[in-house]
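In the working numbering, the protein residues as written are 2 to 571.
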């Protein structure tokens, strides 16, 4: 091998092969140049000169055509060149001595180790053999040529060696990067599998807790039991938000979080956030209010879910660190045109405040301003990192103004396309009605069967249950359904396999993935199998009703409805 660099054998082998490939091509051109000079100059010993040129030409052509034999052909070139090149100079004088030393580049390109050194020394020293030529020659020119050829040979060797070293190191880095990328992909795949498993194993029982609590709270119960059930519900929702934060942070770090761009109402989103935390604020004896700029166009196009997640995290954080006074969620209008506007969101509190030295750290994952905060208030420390990442994903930047003892204000601006308001939206009952319509629910968890059945029957739907995908396919082939809700993780036949089987049987009923899986790959696989959409567990009543309305008809209650400009809504 050539110079030993701190490198991997495969890197050096690839570089050597590439150099040989280039070397044989250059050798072909150089040998043709030698033959042309022979034809023009007519050297004294023309036979040796022609043999020299033709042999180099033949070896270079063979090296180009038979690439698997580059190594033996390169050594054949050296075996031929080492004795013939000196004889060529001795028999023909200065003319070949001018050209041959330039060929010192070929040992660098074609050979390694002792082969390289031997061939280089012979070619570089050929000029010194001119005095052995029997004919006349210019001694002054010869001396200058000796010095020039020696310097050129050394420069060629130095430059070519550095080039080879750089190529090897570059190849090493490429190999290391490729291996690191492969390792990262494996780690990402393992993480995705872990998140899918964790999501399913946690969300499945959580769906049972929240679903059954919601079902019980929707019926007449004693006033003494209601507060405790509401506490269970809030605790479950808090656990669900923590799980969502962890999953979303993972998606953001992996660059896999996709934003949903739909029309929605900013004011309704903000009011929902404040309403959710109103009881918590009241329990702490602080005021929670909302301030919306009257000039703001509240109907916009964007990701309502992610915006709600940002506002929920900021409001929750503000209430946590405020012991007296108030928390205010503000929405105001920024720069605007006829079709777009910037909206400034701010969450201001009169709480503890954050020291200037700690303010940059609060946006780091799993970090709080100081260790005593976690002991006093709890929390994962993920909320503000999620806020920062989501706001940046939506095209904004989060800023913080705070001083110890004077409270804090988190604020950011987001760009939105303005949507059209639908005038005359009617107030409807909170639960849509789908009387006489049928739905098949494929779910292997008995508690989640009860939850799904109760929620669906509240809308007037007639519910049939299947315990796995195989059973769902058998039932759906015998009986018509208006909608199918299909869990993805089931024994005997999973949801995606069941959906594929139904589509192959020409069943066109809308199929919705009803699942605890939230990893994009699993959702994509479900949609690719023929499913029309998905609902994540724990099931959200509003999202469930929206899906039912979309696929079964009917109307949803909305305080304010929005549509994107120029779009048609059913």
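Every residue, glycine too, gets a C-beta built ideally from N, C-alpha and C.
Requested in this report: Rank 417, 89 and 17 by C-alpha distance to the C-alpha of residue 51 and give the top, closest one.
Outcome: 89
Query raised in the report: Alpha carbon to alpha carbon, what distance is there between residue 406 and residue 448?
Result: 48 Å
Requested in this report: Mark residue 133 as exposed unless 16 or more other C-beta atoms lie within 10 angstroms of its C-beta, in which case mark it buried.
Outcome: exposed
Query raised in the report: Skipping 5 residues on each side, what residues in its chain have a beta carbon closer than 6 Å to that of residue 313?
Result: 274
Query raised in the report: Considering residue 280, what are the terminal residues of the alpha helix (DSSP H) in which it resides?
Result: 267-285
Report task. Report the rounded CA-to-CA distance for residue 584 versus residue 26, giving the unit in angstroms. Result -> With the chain represented from 2 up to 571, any question about residue 584 goes unanswered, as that position is not in the structure.
Report task. Using the DSSP secondary-structure output, state which residues sit across from residue 350 in a beta bridge. Result -> 328
Report task. Just the C-alpha distance for residue 49 and residue 177, rounded to the nearest angstrom, thanks. Result -> 49 Å
Query raised in the report: Using 8 Å as the threshold, is the stretch 57-75 in touch with the stretch 96-103, meaning 3 or more CB pairs across them?
Result: no
Query raised in the report: Whole-angstrom Cβ separation of residue 512 and residue 500, contact assumed at under 8 Å?
Result: 5 Å
Query raised in the report: Between residue 16 and residue 155, what straight-line distance do the alpha-carbon atoms span, to the nearest angstrom?
Result: 22 Å
Query raised in the report: Quick one, are the C-beta atoms of residue 482 and residue 441 less than 7 Å apart?
Result: yes
Query raised in the report: Of the residues 517, 541, 185 and 150, which one's Cα is nearest the Cα of residue 489?
Result: 517
Requested in this report: Could you check the C-alpha separation between residue 20 and residue 118 for me, to the nearest Å?
Outcome: 16 Å
Query - Every unbroken beta strand (DSSP E) inside the stretch 450-505 [3 residues or more] - result: 463-467 and 484-487
Query raised in the report: The beta strand (DSSP E) with residue 301 in it runs from where to where?
Result: 300-303
Query raised in the report: Whose C-beta lies closer than 6 Å to the C-beta of residue 303 among residues of the same chain, with five residues either side of it excluded?
Result: 417
Query raised in the report: If you pair each beta-carbon of the stretch 259-272 with each one of the stretch 292-308, do three or more pairs fall below 8 Å?
Result: yes
Query raised in the report: residue 454 and residue 208: beta carbons closer than 7 Å?
Result: no
Query raised in the report: In three-state terms, what does DSSP make of residue 195?
Result: helix
Query raised in the report: Hey, quick one: how far does the beta strand (DSSP E) through residue 534 stretch, first residue to last?
Result: 534-537
Query - Three or more C-beta pairs below 8 Å linking the stretch 226-244 and the stretch 198-214 - result: yes
Query raised in the report: Does the stretch 110-130 come close enough to the stretch 32-47 to have 3 or more Cβ pairs within less than 8 Å?
Result: no
Report task. Measure the alpha-carbon distance for residue 129 versus residue 182 and round it to whole angstroms. Result -> 54 Å
Report task. Reducing DSSP to helix, strand and coil, say where residue 187 ends up. Result -> helix
Requested in this report: Could you check the C-alpha separation between residue 28 and residue 170 for me, to the nearest Å?
Outcome: 26 Å
Report task. Measure the beta-carbon distance from residue 494 to residue 470 and round it to whole angstroms, keeping in mind my assumption that it falls under 8 Å. Result -> 3 Å
Query - Buried or exposed by the 16-neighbour rule on C-beta atoms within 10 Å, applied to residue 188 - result: exposed
Report task. Kindly list the residues whose CB is nearer than 7 Å to the CB of residue 147, restricted to its own chain and excluding five residues on each side of it in sequence; keep chain order. Result -> 128 and 129
Query raised in the report: Ordered along the chain, which non-local residues of its own chain (more than five positions away) have a Cβ less than 6 Å from that of residue 157?
Result: 105 and 106
Query - Residue of 401, 279 and 548 minimising C-alpha distance to residue 435 - result: 548
Query raised in the report: Does any heavy atom of the ligand MN sit closer than 6 Å to the C-beta of residue 94?
Result: With respect to small molecules bound, the structure shown includes none, and the ligand MN cannot be examined in it.
Report task. Identify which residue in 124, 125, 174 and 109 has its Cα closest to the Cα of residue 163. Result -> 109
Report task. Evaluate residue 203 with the Cβ neighbour count: other Cβ atoms within 10 Å of its Cβ, from every protein chain shown; 16 or more gives buried, anything less gives exposed. Result -> buried
**Report entry** Contacting residues, own chain, Cβ-Cβ under 8 Å from residue 476 (five flanking each side not counted)
**Finding:** 441, 465 and 467
Query - Euclidean distance between Cα positions of residue 401 and residue 239 - result: 25 Å
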